[in-house]
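Asks: Residue numbers (this note's numbering), protein chains in the order written: chain A, 789 to 1228; chain B, 822 to 977.
Built from N, CA and C at the ideal position, the CB exists for glycine as well.
So, in structure tokens, the structure goes:
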């Protein structure tokens, strides 16, 4: 009888020895830039889930910008502001949005993940009406809007927004909507045209559809994120997803412009070029330092790996069947931003309010990590560019979101530049739009 | 035959967790057994098809199996500690230890199966499912011995 106990204890000890978590000391800065260090994949038994609790901003608190710059709240009391756009007349459009929550419970894991994601957005606008576009008018450019109005509401999880030729294009999670619109208007009552259907439900895991206008103004570029982390909802669910779509602005005719981009967001043409750039959220559950999220230029017809591979030809062991022919032509992204920082906002700076060193570079809103023990992201970074390419290490630009005690006051998402040249940052759980401008 | 009836005759080990004289443990054990065998079958089907639906079936079966195994274990442990004659029956301790091992393995298996995609099953998840089912065959046999050889929970 004691032998039976001994055997059992020996077995149990052997099993426990087999499960430690990895991670350890890793310099996350080695994953910033064109050649990120990629550790071996580590598949968890219990994935770390570590999300900053939202405590909001106390009166007088604000994020921290480099010396010589002033940070002020352009608008507060918003309802989950996620994306920003500045009209030619200087009016600022704030897209306030909530996810559609269409993810079905497919596994016991689903409700657990759902609960954690609800923590992420907790405190985001005490249940007020979101899914709308708020217009802020700051005609004198002092960072204090003189008026505020709801331009559009009752939208279906909107995110992308573009203005061209007296039309406002809004990407709801299931379609690009086109509204007749003249800058100066503070309310749109016209019914939209559904220009192009986009992959929405069922599931609609990555739901943010962002938009860009081509330099010639004829085409729209819409980003469509994957319907899963790594095709765990089946390949059928991924039709038309993990891609950038090119849409004809007149007819709505669409084609896939680039694919294999897991969750691309914030498409932007580099000023003065025909090169489209996006920021991409890479896959989870391969370790705290895999896979780095990235900023990349997007080539017509390009394939960027998802789901089969990452950073070129690094195969993902979780995908079956594999597609070696496709992986062979997977493009290595241009610039890694470090793992799980969750970049959702991108804008190139061409104005002159901020110091000259920022001109021509990229501001990136990093929403922040949820699946690694050490927080990563939760800030706005600046990536310098030279001759239209990233030219140096990313610098912290707007920090102070995290309180250093496991909580966060806000999380940055969309970024834009206002008419005066100040940087605007949507903070979707702080429910604020921040404005960063030269002091004095 | 003689030895068997000798053991079973006379004072029968009594089931403490019983309902109107029916031991609860044998009423509950078919659930985890069927669930874990079912999960092995859906694992094999997933490994052969790569159709994610089968992997989803597996994790639901393992989860349901664990819930029912917890209930079965509660009844089983109550019986084990409720009557010293059960503890003295030679198959009782290995039966309990093997079953607890299966639960621990299936708990690991539930975490492995909660990964995303192919590696939620192949190779670790499938291996754990095979090992569990093999162990269940042994502990099931021992459990049968407890009843049919040692008369645990049977009427005098």
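Please list, in chain order, the chain A residues whose beta carbon lies closer than 7 angstroms to that of residue 877(B).
Replies: Position 56 of the second chain, counted from the start, is the residue given in the question as residue 877(B). Going along chain A in sequence order, the residues near residue 877(B) (Cβ under 7 angstroms) are 894, 895.
Asks: Do the segment 860-876 of chain A and the segment 923-931 of chain A make contact, defined as three or more Cβ pairs closer than 8 angstroms?
Replies: Touching, per the Cβ criterion.
Asks: Tell me whether residue 793(A) is buried or exposed, calling it buried when 16 or more other Cβ atoms sit within 10 Å of its Cβ.
Replies: Numbered from its first residue, the first chain carries residue 793(A) at position 5. Residue 793(A) comes out exposed.
Asks: Would you call residue 976(A) buried or exposed, if buried means 16 or more other Cβ atoms sit within 10 Å of its Cβ?
Replies: As a first step, residue 976(A) must be located in the first chain, where it is residue number 188. With 16 or more Cβ atoms within 10 Å of its Cβ, residue 976(A) is classed as buried.
Asks: Nearest to residue 813(A) by CA position, among 1162(A), 904(A), 1119(A), is which residue?
Replies: One-based indexing of the first chain puts residue 813(A) at position 25. Of the candidates 1162(A), 904(A), 1119(A), the one whose C-alpha sits nearest the C-alpha of residue 813(A) is 1162(A).
Asks: Excluding sequence positions up to five away, which residues of its chain have a Cβ less than 7 angstroms from the Cβ of residue 966(B)?
Replies: Within the second chain, numbered from 1, the residue matching residue 966(B) stands at position 145. For residue 966(B), where only same-chain residues beyond five positions count, the Cβ hits under 7 angstroms are 912.
Asks: Let's test the definition: count the other Cβ atoms within 10 Å of the Cβ of residue 810(A) and tell me whether it reaches 16, buried, or not, exposed.
Replies: Here residue 810(A) refers to the residue found at position 22 when the first chain is read from its first residue. Confidence is the limiting factor: at residue 810(A) the pLDDT is only 49, short of 50, which leaves the residue's position unreliable, though a coordinate-based value still follows. When all chains shown are included, residue 810(A) counts as exposed.
Asks: Flag residue 1050(A) as yes if its beta-carbon sits less than 8 angstroms from any beta-carbon of chain B, otherwise no.
Replies: By one-based count along the first chain, residue 1050(A) stands at place 262. Taking Cβ atoms only, chain B never reaches closer than 8 angstroms to residue 1050(A), which makes this a no.
Asks: Nearest-angstrom Cα distance between residue 977(B) and residue 916(B)?
Replies: On the second chain, residue 977(B) is found 156 positions in, with the first residue counted as 1. On the second chain, residue 916(B) is found 95 positions in, with the first residue counted as 1. Taking the straight line joining both Cα atoms gives about 23 angstroms.
Asks: Pick out whichever of 1147(A), 946(A), 969(A) has its Cα sitting closest to the Cα of residue 879(A).
Replies: The sequence position of residue 879(A) within the first chain is 91, counting from 1. Minimum Cα distance to residue 879(A) is reached at 969(A).
Asks: Using the three-state DSSP reduction, which class does residue 860(A) fall into: helix, strand or coil?
Replies: One-based indexing of the first chain puts residue 860(A) at position 72. Residue state, collapsed to three classes: strand.
Asks: My guess is that residue 1130(A) and residue 870(A) are in contact by the Cβ rule of under 8 angstroms, so how many angstroms apart are they, rounded?
Replies: The residue you call residue 1130(A) lines up with position 342 of the first chain. The residue you call residue 870(A) lines up with position 82 of the first chain. The Cβ separation is near 12 angstroms, so there is no contact.
Asks: Output the distance between the C-alpha atoms of residue 901(B) and residue 963(B), rounded to the nearest integer angstrom.
Replies: Within the second chain, residue 901(B) is the residue found at index 80, counting from 1. Within the second chain, residue 963(B) is the residue found at index 142, counting from 1. Spanning the two alpha carbons is a distance of roughly 14 angstroms.
Asks: Of all the CB atoms in chain B, is at least one closer than 8 angstroms to the CB of residue 1022(A)?
Replies: By one-based count along the first chain, residue 1022(A) stands at place 234. Yes, because at least one Cβ of chain B sits closer than 8 angstroms to the Cβ of residue 1022(A).
Asks: Answer with yes or no whether the minimum CB distance from residue 809(A) to chain B is below 8 angstroms.
Replies: As a working mapping, residue 809(A) is identified with position 21 in the first chain. Per-residue confidence for residue 809(A) stands at a pLDDT of 41, beneath the threshold of 50, marking its modelled position as unreliable; no derived number is given.
Asks: With a threshold of 16 other CB atoms inside 10 Å of the CB of residue 886(A), please say whether the residue is buried or exposed.
Replies: Taking the first residue of the first chain as 1, we reach residue 886(A) at position 98. Its Cβ being crowded by 16 or more others within 10 Å, residue 886(A) is buried.
Asks: Identify the continuous beta strand (DSSP E) that holds residue 1081(A) and give its terminal residues.
Replies: Here residue 1081(A) refers to the residue found at position 293 when the first chain is read from its first residue. Per DSSP, residue 1081(A) belongs to the beta strand (DSSP E) from 1080-1086.
Asks: How is residue 902(B) classed by DSSP in three states: helix, strand or coil?
Replies: The count along the second chain starts at 1 and reaches residue 902(B) at position 81. Residue state, collapsed to three classes: helix.
Asks: Which residues in the same chain as residue 1078(A) place their Cβ atom closer than 7 angstroms to its Cβ, once the five residues preceding and following it in sequence are excluded?
Replies: Here residue 1078(A) is taken as the residue at index 290 of the first chain, counted from 1. So the list reads 826, 827, 829, 1127, once near-sequence residues are dropped.
Asks: So that I know if they touch, is there some Cβ in chain B lying closer than 8 angstroms to that of residue 1109(A)?
Replies: Within the first chain, the letter at position 321 stands for residue 1109(A). It does; some Cβ of chain B falls within 8 angstroms.
Asks: State yes or no: is the beta carbon of residue 1033(A) nearer than 8 angstroms to at least one beta carbon in chain B?
Replies: Position 245 of the first chain, counted from the start, is the residue given in the question as residue 1033(A). Closer than 8 angstroms: no.
Asks: Specify, as a first and last residue, the run of the beta strand (DSSP E) that residue 1154(A) falls within.
Replies: By one-based count along the first chain, residue 1154(A) stands at place 366. Residues 1150-1154.
Asks: State yes or no: is the C-beta of residue 1232(A) within less than 8 angstroms of the C-beta of residue 843(A)?
Replies: Look at the range of chain A in this structure, 789 to 1228, and you will see that residue 1232(A) is not part of it.
Asks: With 9 angstroms as the limit, tell me which residues of the segment 859-874 of chain B have their beta carbon closer than that to any beta carbon of chain C; keep them in chain order.
Replies: The structure shown has no chain C; the protein chains it does contain are A and B.
Asks: Would you say residue 856(B) and residue 886(B) are within 8 angstroms of each other, going by their C-beta atoms?
Replies: Working through the second chain from its first residue, we reach residue 856(B) at position 35. Working through the second chain from its first residue, we reach residue 886(B) at position 65. Yes.
Asks: On the CB-based measure, 16 or more other CB atoms within 10 Å of its CB, does residue 1179(A) come out buried or exposed?
Replies: As a working mapping, residue 1179(A) is identified with position 391 in the first chain. By the neighbour-count rule (16 or more Cβ atoms within 10 Å), residue 1179(A) is not buried but exposed.
Asks: Listing by chain order, which chain B residues have their CB less than 7 angstroms from the CB of residue 796(A)?
Replies: Counted from its first residue, the first chain places residue 796(A) at position 8. Per Cβ cutoff of 7 angstroms: 918, 922.
Asks: Roughly how many angstroms separate the alpha carbons of residue 824(B) and residue 975(B), rounded to a whole number?
Replies: The sequence position of residue 824(B) within the second chain is 3, counting from 1. The sequence position of residue 975(B) within the second chain is 154, counting from 1. Annotation note: pLDDT 44 at residue 824(B) (below 50); position unreliable, no value reported.
Asks: Pull the bridge partners of residue 935(A) from the DSSP assignment, please.
Replies: Within the first chain, numbered from 1, the residue matching residue 935(A) stands at position 147. Note: residue 935(A) sits in a beta bridge opposite 925(A).
Asks: Residues of chain B with CB under 9 angstroms from residue 1073(A), in chain order?
Replies: As a position in the first chain, residue 1073(A) is number 285, starting the count at 1. Result: 936, 937.
Asks: In whole angstroms, what separates the C-alpha of residue 1003(A) from that of residue 896(A)?
Replies: Here residue 1003(A) refers to the residue found at position 215 when the first chain is read from its first residue. Here residue 896(A) refers to the residue found at position 108 when the first chain is read from its first residue. Those two C-alpha atoms are separated by around 47 angstroms.
Asks: Cβ closer than 8 angstroms: which chain B residues qualify as neighbours of residue 1106(A)?
Replies: Here the question's residue 1106(A) lines up with position 318 in the first chain. Per Cβ cutoff of 8 angstroms: 936, 937, 938, 939, 940, 941.
Asks: Would you mind sorting residue 969(B) into buried or exposed? The rule is 16 or more other CB atoms within 10 Å of its CB.
Replies: Taking the second chain and counting its residues from 1, one reaches residue 969(B) at position 148. Exposed, because fewer than 16 other Cβ atoms sit within 10 Å of the Cβ of residue 969(B).
Asks: Given 7 angstroms as the limit, tell me if residue 860(B) has its C-beta closer than that to any heavy atom belonging to the ligand GDP.
Replies: In terms of ligand content, the structure shown is empty, and the ligand GDP therefore cannot be addressed.
Asks: Look up residue 1017(A) in the DSSP assignment and say whether it is helix, strand or coil.
Replies: By 1-based counting over the first chain, the position of residue 1017(A) is 229. Coil at residue 1017(A), not helix or strand.
Asks: So with CB distances below 8 angstroms, who are the chain B contacts of residue 819(A)?
Replies: Position 31 of the first chain, counted from the start, is the residue given in the question as residue 819(A). In chain order: nothing, as chain B lies at least about 22 angstroms away.
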